[in-house]
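If you count the sequence shown from 1, you need to add 96 to reach the working numbering.
Note that CB positions come from ideal geometry on N, CA and C, so glycine has one too.
Here the structure is a predicted model, which means the values were calculated and not measured.
For reference, the structure is listed below as C-alpha cells.
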Amino acid sequence: QKQVELALISWSLKKYSYKLINENSLDDKSRPLKSNLAKLEQFLNSLNISIIDYTNQKYNEGINLDVIDTVKTDTEFDKIKETIEPSIVINGVLVKRARVIKEISRSENE
Numbered sequence: 097q098k099q100v101e102l103a104l105i106s107w108s109l110k111k112y113s114y115k116l117i118n119e120n121s122l123d124d125k126s127r128p129l130k131s132n133l134a135k136l137e138q139f140l141n142s143l144n145i146s147i148i149d150y151t152n153q154k155y156n157e158g159i160n161l162d163v164i165d166t167v168k169t170d171t172e173f174d175k176i177k178e179t180i181e182p183s184i185v186i187n188g189v190l191v192k193r194a195r196v197i198k199e200i201s202r203s204e205n206e
C-alpha cells in the first residue's frame, strides 16, 4: 500500500503544480519543477508502478473505473471531465481504480 500512496502523492503534486503554473502563467519559471516531477514519474515507472489519469479521454463503458459524478455540457461525445483519483497499476495489476467525473452531451430538448 505504500507504493499506492507514493503514486497518489506523485500524481497530486503533478496535478496541482501544473494547475498553479497554468493559472499564474509561470511556464517560463517552471522548468525545474516539471523536470523533477518527470524524474519522479520515471522512478515510479522503473518500479513498475503506473499512474493512469483519464482526464479528457473519451469515455466508454468498458473502462475499469468509478464514475462518482456526471455533468452535462455541450461536448460532442462522452468523456472524462476530471480524474479525482487516478488508477494505479503495479506490475501490470490494477490495485486502485480511478474515481472520475464523466461529461455527457446535453440532449437537444433540454
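Nearest neighbour of Y155, chosen from I147, I184, S201 and N187 [CA to CA]: S201
Alpha carbon of W107 to alpha carbon of S203, nearest angstrom: 34 Å
Helix, strand or coil for L161 per DSSP? strand
Within its chain, find whatever has a CB closer than 7 Å to the CB of I167; leave out the 5 residues flanking it on each side and keep chain order. Just to set this straight, residue 167 is Val in the shown sequence, not Ile. These residues qualify, in order along the chain: K177, I197 and E199.
What's the C-alpha gap between D124 and E137? 21 Å
Rounded straight-line distance, which links the Cα of N160 to that of I148: 11 Å
In whole angstroms, give me the CA-to-CA distance for A134 and V185. 18 Å
On the DSSP letters alone, give me the boundaries of the alpha helix (DSSP H) that K98 sits inside. K98 to E119
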